[in-house]
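Working notes, structure below.
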């Protein structure tokens, strides 16, 4: 890879990183706004126009709070916990393709941070590291509620990871590759995976909710039972990081879902549009860049939709009971996912043999 | 641009060998010197992973899929070992409230 | 493994380092900043673990329900089995019907274990 | 191959049958399963087949050892009556684990590829780690399981590294090809190969508890529930030695000169440690543990002899040792259940209270000691004659003979206790019908093999 | 076929006896032993005494692939040993009638079972069969001695057992080595062994391997330490079996399996063996003189006698060998008789101390006479069986070396000293507390002693009856030795 390419890549990565943080920050704002909307109230409206500066105010508050460490806790681990959570959350967006190729000055830039052929595994691997953040934090606090919350979180995460992994297999069987970019490319136009994998998507969606500890799966931090869950003892920016990580995770989960099932940056009549643009502008590069940018926009639109969906659900559904949660994960989703694999496999084979 | 096996081959085989041998020896030393059952166990896992590293390197150098398959099996077996091993450690922990192997001297070593 | 159409060199993974550096930088920056900015006032009561306002009793590091532990162990097992399916899934079309049937046998075993676990009541909470 | 599949299926089936209310059906069912496997296995005789791209080869060697191991398990099962009686909730699991571990054992005697060797060893070992700790409340059992597991995993690592180094040197996992590779290079071996070979030797020596890698054996054998100790010291050992010999014969025949000095040192050390260690024990169970080390030594003797007689002598020795050990551990189990002790004193007066048990135990002790009229004699005889085939190893036989005489000392302590020592109370030990029958069967088998060894010794 | 019948009948009878509850077992055992004796006489009738080779042979493969066969047969030496066995066992069983052992069925079954082993040793013509039978004979006697023996039995019998096994393992090793030297698909037949051409170095160590095994059994000084204790602690029947028959296994082993196989080894070491044997003679005799316990006394005398037999055999001449054979018979008869008489005395007085006995002649005339005859036979008075054997043996030793002969000759003098001292102490003098109400022999005891005494005189007066049977075999053996 040439150094120029690398430079572009670095710029792109920083950009995505910034966008990620921005979206995460503003998710908190939207969350409250949407909650307000659903509950028919106003929501934040003091800081700045429409309360738009509210997230900054929140962040500032967190920064200026006391950086407090409980006396009986394990100091190093106590700091490490939120660090890991944040680190992992920000790392996982690296393999998501936010757009197609952008051609600048003759250099072709893939709008994907790291284009590796094991993208799916990468996401999987990095996301499952997130459990450490919770576990380490909860354990380090040396507080029974924290510990219980952390363990709940951990066992919930790993339980749903199984079903998630199984539901992904069906996608892989369809696409035959582990690279997220290739998966995205295969969904050219309107040929989205959701049409072939409705069941798989459903399973994945449920798992994504569980993985991000969102309602209705937010048992680790269910206030009524466990106070703050694993972050009971946390304050200042360390607490902020846990909260932040959660929103980043929502963002990444949405991005992954969009990529896997909803065609990523692809939108209907994309090729036709590009062909028409080439005709109209008589410049293939420009046409390509325009389409790519539209694709990026489409991608973010999809992501926002999912984020909205996440919030919508939060303010709509009640929380599961723990036994229901585990039962759903193990006894319903896993068999369903396996069924899905069998159906997919059978379908593919049937198609290959018959046609 | 070239494929992964070739990429791996850009580093001399000896380096992989030394690296995995070093990992392995660290594991062995850990097993022999540590007293905490869990750490001993982690050292054992380190040994297994040293093996995996070497196998992968060799597989690329030889273009032989057998070694890669072997890695898979080692991983699967290691997982099974983890399950059984942790279960045993937890069982012991519940009885003696410690994972220090030196405390277990009901039987002569 | 089959060499894929797209080919990769080690430097393809360089961006990971960039991303990691960025993430790490942010984390360290945030933690240091909050440490510097915030006030520092310590007291014994404040330092104690918070247990709904009641004085905390004993150490938190007590063994908890073995159910969680069982879940973890089962996860390790099943996760590895699932990982086994990934290469198969990627090359599914190549293996064709034979591969499919073999995987059905594999999944049969997996399911047998799964149902055993369920029947054994390990996943029963409460 | 059929037996592997059948055992796996039966094992799983057994798990589910365990959910039924009545635990009584489990034992007969497990016996039936094993009988079927035993019978099915025999059909593969003289019908060599390779499976999985030559990764497994079911030849006569494999069939013979499979037969022995299945038979051993079959004969061992009736002694699980304690678990049956107490209605242990995990009974089905124990049986299944035994069935599964048999799968591993069969893989160990029929592998053609080191991968299968590794997988076989692990299937066997992991099941054993579990059963070693199956007495959850007993600290001894816990400790045994933990030690066995940590040590086992550690040596598995070493074994694996050895396999990989051998692969690095030869480029294959197939044992026949490894053997051929050495011949092709004229027996030239590089450091990698030697190192790998050494680590392999260490790894497998651990599994068959050869000195100096035996240190876990007495503890684990003593701590584990006796029923499983019996399984470990018979089936596991048989599989280990059979696998060891297969490996050496197929893969490292050309480098005999390289591993011979190491192996002979291990053998002598094993013999000495096993026999001397057994002498100083006060617990019969621990004595049996040491004695199993010493028998590993005798088995290794025929391995180091490394000639055409080795295979059949290992086979016969394994069978003789297994049958005798089942009785020994079986009776020990019955006695220690009743008396709550596994010291020699627990056997006092057994000759008066339970003549059958005492007789069976005597036969088994005589067999273990290698006294004629029992299978043990011919076992030792075949081993010694295999070694003497190489006239340079006469001294090894001399050492072994001396140590065999030492062996008589500790085996006879049991016999003496049973017949000649007065007991505190003469309470008859309750023995189930099927266990009695098994004891009689094994005794008859032991004596039959001691009179007509050709029944087994000539088949390989 | 008759040989196989001889071999297996006692084992079958043992199983039968095992099934009989209560004291009836002894009768059945006695009848079975008598049947066995009849069988052996029948075998003798079919035996051609002119022939020096193996007769009445039976041979079928045992472990085919290894060339090991179940090969049995008898030559002149074997059949005498078999006759001795079959003759003594019924008497030994009969001698036990006054005892009520616990678990009689097991006791007698073991005796009969042991008989199989003993006969097996004498008829085996295959090295491994020989070894096999050697051990088969050992196990029952161990249990008899260990279960029904005296106070110290556990330690003592265990010592005995370990000693013997230890020796026999050496023998096994030597056999295996020899077996592997045989050409082609190996064979362990005795004749195949005879034909081996071994280097003198090989012969030398094989000699010691085999010799240690046999020497322990005999026992030859310095391998005798197990013997006096074992004889003392064992029940009388076991002592009789041990001294009367089992001891002969060792001597027979030397004759059959040592001398002809490693003649060069023998010629290298026979001087040393002779010296050992003669030391044994003198040592045994001197210790015997100092003994106060009757059983121990006879035990040590046994060492002396066996020493002489060993010395005679290792001279490797015809007199020596013939003397050895005939002395085996005589010693078997005498020593069984003596032990039986000691048992009788013990059972009536509860002591075996010479000092606490005395004056028995006054109450028991018949016992005195029988005792005297057996004792004189034992000290080799002319016209008794002991004389023939000792004469031949001594002349053999004299032929070999005058000095050795002279020293070995001491045995007669010393033997006379301790035997007569014993007789005097026990039978004459004043009655002691213990012998106050001594009763004479019962019919049952007479029935045991009469055949023994008859044999004492038969061998003493007509030794040729037996010598002629063994002579061709001995000559044949010598020709093999001097090949």
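Chains as they are written, first to last, in UniProt numbering: chain B, 1 to 355; chain G, 1 to 109; chain C, 1 to 126; chain V, 1 to 460; chain L, 1 to 483. Glycine is no exception: its CB is placed at the ideal position from the N, C-alpha and C atoms.
Asked	Found
For residue 255 of chain L and residue 383 of chain L, the rounded distance between their alpha carbons	27 Å
Outcome for residue 227 of chain L when other beta-carbon atoms lying within 10 angstroms are tallied against a minimum of 16	buried
Sub-7 Å separation of residue 250 of chain V and residue 176 of chain V beta-carbons	yes
Beta-carbon spacing of residue 79 of chain V, residue 330 of chain V below 7 Å	yes
Inter-residue Cα distance where the pair is residue 133 of chain L and residue 37 of chain G	55 Å
Assigned exposure category for residue 191 of chain B - 16 Cβ within 10 Å defines buried	exposed
C-alpha gap between residue 376 of chain V and residue 189 of chain L, whole angstroms	22 Å
Contact between the stretch 375 to 394 of chain L and the stretch 404 to 417 of chain L (3+ Cβ pairs under 8 Å)	yes
Any 3 or more C-beta pairs closer than 8 Å across the stretch 274 to 286 of chain L and the stretch 295 to 314 of chain L	yes
Three-way DSSP call (helix, strand, coil) for residue 107 of chain B in this model	strand
Exposed unless 16 or more other CB atoms sit within 10 angstroms - verdict on residue 380 of chain V	buried
Proximal chain C residues relative to residue 396 of chain V, where beta-carbon distance stays under 8 Å	Near residue 396 of chain V there are no residues of chain C at all, since even the closest Cβ is about 45 Å away, more than 8 Å.
Of the listed residues C:118, C:66 and C:73, nearest to residue 158 of chain B (C-alpha basis)	C:73
Chain C contacts from the stretch 90 to 101 of chain G (Cβ-Cβ distance under 8 Å)	90, 93 and 94
Assigned secondary structure, residue 424 of chain V (DSSP; H/G/I helix, E/B strand, else coil)	coil
For residue 60 of chain L, the residue or residues it bridges with in DSSP	L:70
Cut-off 6 Å between Cβ atoms - residues of its own chain near residue 146 of chain L, not counting five sequence neighbours on either side	153 and 157
Interfacial residues, the stretch 17 to 31 of chain G to chain V, with Cβ spacing under 7 Å	24, 27 and 31
Residue environment, residue 483 of chain L, which counts as buried when at least 16 other CB atoms sit within 10 Å	exposed
Backbone secondary structure at residue 143 of chain B - three-state DSSP	coil
6 Å Cβ shell around residue 73 of chain B - same chain, five flanking residues per side excluded	140, 141 and 142
Span separating the alpha-carbon of residue 119 of chain L from that of residue 140 of chain L	14 Å
Cβ-based contacts, 7 Å cut-off: residues of the stretch 84 to 98 of chain C near chain V	none
CB contact check: residue 82 of chain G to chain C, cutoff 7 Å	yes
Three-state secondary structure assigned by DSSP to residue 84 of chain B	helix
Beta-bridge pairing of residue 57 of chain V - partner residues as DSSP gives them	V:50
Residue 105 of chain L, enclosing alpha helix (DSSP H) - first and last residue	104 to 123
Three-pair Cβ contact test at 8 Å for the stretch 56 to 66 of chain V versus the stretch 92 to 110 of chain V	yes
Exposure label - residue 268 of chain B; buried when at least 16 CB within 10 Å	exposed
Ranges of the alpha helix (DSSP H) found wholly within the stretch 163 to 234 of chain L, counting only runs of at least 4	190 to 194, 200 to 217 and 227 to 233
Residue 66 of chain B (DSSP reduced to helix, strand or coil)	coil
Residue of B:355, B:3, B:345 and B:4 minimising C-alpha distance to residue 175 of chain B	B:345
Complete alpha helix (DSSP H) runs within the stretch 309 to 368 of chain L (minimum length 4 residues, chain order)	318 to 349
Minimum C-alpha distance to residue 108 of chain B - residue among B:53, B:247 and B:8	B:8
Backbone secondary structure at residue 255 of chain V - three-state DSSP	coil
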